[in-house]
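Written out below as structure tokens is the structure these notes cover.
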Amino acid sequence: MDFAKLLNTEQLHAVESTEGPVLILAGAGSGKTRVITYRVAHLVENRDVRPEQILAVTFTNKAADQMKFRVRNLLRAARSGDPLISTFHSFCVRLLRREIEALNYTRDFTIYDEADQLQVVKGVSKDLKVDERLVTPKTILARISHAKNHGKTPQNLLDDSWEPSWEYTANVFNEYEKRLKKSNALDFDDLLIKAVELFDKFPPAAEKYSTRFPYLMVDEYQDTNHMQYRLVRHLTRVHDNVCVVGDEDQSIYSWRGADIQNILSFEKDFPRVRIIKLEQNYRSTKNILAAASAVVAHNELRKGKTLWTQNPSGDLITYMEATDAEEEAMYVADRILFHQKADPSVRIAVLYRTNFLSRVLEEKLRRYNMKYRIVGGFSFYERAEIKDLISYLTVSLNPDDSVHLLRVINTPPRGIGKTTTDILEELAVERGTSVWGAIEIAIEQARLPMRTIRALEAFHALIAEFVRAAEELSNSALLEKIIAGTKYIEMLEEEGTEESENRIENIRELLTAAEESHERGEKLREFLDHAALVSDQDAYDERSPISLMTLHTAKGLEFPVVMITGLEDGLFPHSRSIMEAPQLEEERRLFYVGMTRAEHKLYLTSTRFRRYFGNMDQQISEPSRFLSEIPEELIEEVGERRRKPAVKFEGTSYDTVDAVMKVLGGAEKKPAPSVQPGPKKKLAGAWVLGTRVKHPKYGYGTILRTEGSGDDLKLTVSFISHGLKKMIAKYAELELA
DNA sequence: CCAGGCGAGTTTTTT
DNA sequence: ACTCGCCTGG
């Protein structure tokens, strides 16, 4: 196979450097996936490596699937096998399903997702009487996860504890680990940790797998955390043919434990390393690339690359400042229609920092009957009815899994209420058993009301029957048995709401998924592993013309047209990130990632007013500081400018109230009259949220609040040098500034 | 035991 | 606005 014509010099170099450690610093849009897939093909076709000797690790299933697809197309048919292309987590699950007995777990362990973990933490917190005003279960879980990923024990936390909440954390952590063990369950972090532990304790196992995969590739290396790093070290125990690909400018997962140091110090870990920089961008126009590069250049923590492109300059970047989220959404809809008119097959991405921003966008797009797809948010497998049925399936393989057993113990209602489950949980802790074990003890002792015992017996028999059935039935047949045995659909039918109709529909979809998995020859275990490890990102459908997603989810994707919304200080960069320089840099990288998704056209939008919780007060927002980091000559600004009043009109006080209502997002929906302000300095009706004003004594300020109307209109103004002042509009000698 | 009502807290990003 | 946990009355 001859790659020379298909690749540039650096890419070719990367593909042909097959022996020894290689670090590929691949800038955005530099053909990274191309290099990886060609490198696999090169190994197989030209270096006589058998496909199954190659292991390629990615972060998302989506990336893995995509890579598999491309490799398969590249390799000639009728090969002995396929390379193993997998996510870190799936790889570990496969490994542990074979080897975990060495660590005193059974191979039937269950995987706990975040919701499951939270259930455990909540339960433990309650039992240990943790003061929830000091630390929420969520915070505790975050701390536990952080500790685990950094190899810390509960004792370590206790030793380092400097205030009560950390003591609570350490104690909950301790009990949390016990309960997971008792449930024969591993959380997401454990999947990596136990794999590393296995290799640490049993070097021959590490050697076995290192030998089995003489060629290792890791994608998105900048996102690896400490455990993933150690796993890579183990897998390179008997060789050092490791090729990692990454871009420190796209490191956006430090909050999840990703250690940017892994890529920055790869050279130290593998001294023989060859470093190859891919700096030619094939994706974006010159203007987009220049703007993105200018932004990320503000970061200190980087190796520094200079991306360049032969692509045309293209359009300027368009910036639009909207009054509020509604107007922003209108603009998004308008631009989508505009681009679709020009090219019906255009693909457009609408990106935002946080999931809740999708709501307004969705509403508008739906109202205009535009076909869009939302990627992320809650996935199919997070829906209550799906989680319930998955829980039944899970319990059918591992009834000791207490979290999932408790989830379904009274769903549908069968007379086992809170009192009973509390007793069972207590009993389980007392006897050092699972809840399943506790049920058996309770039945035997019969110290509960007769009615409860009967209910428990019935439940026990039901689950026992599912356990038996799991051994002989196919995935879909077992699922059908569960649905029938629990009368789950009957329960939903009784509700008779539109919502419950939907749920039934979802269940049918799950049945189809189970059937398909059965046809692929998968066992129940594999079906459940898949369900546990699918992620939001995997839901992305590249055929969809309009995709809505967070910036994080957009990583790795590209679109002809990209719109980044909500570019407001406090939202993006997020308020929790602006205090610390490293975190602010990560936000900037996130912006960089977003910008570099665009091929031809990039839109940036922000709003002057943003509503945060429900219908509560709107907050005035400043444009994101990142906007000013883009060279002015690369941006064109459309719409009203911030310096002008938010809503422009002259008129009666009735109109004033009306306009205020609109700005406040009140019920009145009729459009505000938009008459340009005259040359007059004073405008009776222009006192609207966000208007910049000048006061003879206090100087310049911004209107933060309005109350009343007409002559009674009261204003709260924030003055730059005099702080907040409340005044009556009629008497205050205010001018528009 | 359970349904329905009430109040609090919520929204950073996710394998 | 929305969800979730807690409380109350049947």
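Following our numbering, the numbering of the first sequence begins with 475 at its first residue and continues without gaps. Where a beta carbon is used, it is the ideal one built from N, C-alpha and C, also for glycine.
- Shortest Cα-Cα distance from L871 to any of Y846, S819, A943 involves A943.
- Looking at I726, V514, M804, the one whose alpha-carbon comes closest to that of L549 is V514.
- Comparing alpha carbon positions, the residue from I574, V604, F1087 closest to E671 is I574.
- Counting C-beta atoms within 10 angstroms of its own C-beta, V770 has 16 or more neighbours from the protein chains shown and is therefore classed as buried.
- Taking 3 residues as the minimum length, the beta strand (DSSP E) runs contained wholly in the segment 724-756 are 748-752, in order along the chain.
- Rounded to whole angstroms, the separation of the alpha carbons of N715 and T685 is 11 Å.
- Excluding its 5 nearest sequence neighbours in each direction, A766 has C-beta neighbours in its own chain below 7 Å: Y1066, M1069, T1070, listed in chain order.
- Between I1109 and the set D634, T926, D633, N761, the nearest pair of CA atoms involves N761.
- With respect to T797, R1082 sits close: the two C-beta atoms are nearer than 7 Å.
- Close CB contacts of Y805 within its chain, under the 7 Å cut and outside five residues either way in sequence, are with M794, A796, T1079 (chain order).
- Per DSSP, T960 is one residue of the alpha helix (DSSP H) stretching across 949-960.
- For K1075, the beta-bridge partners assigned by DSSP are V1035.
- Judged by pairs of C-beta atoms under 8 Å, the segment 894-903 does not touch the segment 981-989, as fewer than three such pairs exist.
- Considering only I981, I791, T698, K815, the residue with the shortest C-alpha distance to P1105 is I791.
- Here Q1093 carries a strand assignment [DSSP, helix/strand/coil].
- Listed in chain order, the beta strand (DSSP E) elements of length 3 or more contained wholly in the segment 665-691 amount to none.
- Within a 10 Å sphere around the beta-carbon of I749 sit fewer than 16 other beta-carbons, which makes this residue exposed.
- By the C-beta criterion, the segment 1011-1031 is judged to be in contact with the segment 822-832, since at least 3 inter-stretch pairs fall below 8 Å.
- Inclusion of L570 and K668 in the CB contact set at 7 Å is warranted, their separation being smaller than that value.
- With contacts defined by Cβ atoms closer than 7 Å, S1051 and E1061 form a contacting pair.
- Along the segment 476-512, the beta strand (DSSP E) occurs as fully enclosed runs of 3 or more residues at 496-500, listed in sequence order.
- Nearest Cα to G851 within the set M844, E836, Y842: E836.
- For the pair of segments examined, the segment 488-502 was found to touch the segment 715-731: the number of CB pairs separated by less than 8 Å reaches three.
- Of the residues S908, L984, A958, the one whose Cα lies closest to the Cα of V594 is S908.
- The DSSP-derived three-state label of I864 is helix.
- The DSSP assignment places 909-919, 924-946 as complete runs of the alpha helix (DSSP H) inside the segment 901-951, in order along the chain (cut-off: 4 residues).
- The Cβ neighbour count for D862, taken over all protein chains shown within 10 Å, is at least 16; the residue is labelled buried.
- With a beta-carbon spacing of about 6 Å, D1043 and R1099 fall inside the 8 Å limit used to define contacts.
- Bounds of any alpha helix (DSSP H) do not take in I1052, whose DSSP letter is neither H nor E.
- Around the beta carbon of W640, a 10 Å sphere encloses 16 or more other beta carbons of the protein chains shown; the residue is thus reported as buried.
- Nearest neighbour of M1037 by Cα position, chosen from W636, D808, Y586, turns out to be D808.
- Around the beta-carbon of N843, fewer than 16 other beta-carbon atoms lie within 10 Å, marking it exposed.
- Pairing I559 with K542, the inter-Cα distance amounts to about 6 Å.
- The three-state reading of DSSP puts G1044 in strand, counting E and B together.
- CA-to-CA, the gap between R617 and D661 works out to about 14 Å.
- Exposed is the label assigned to R746, since fewer than 16 other Cβ atoms lie within 10 Å of its Cβ.
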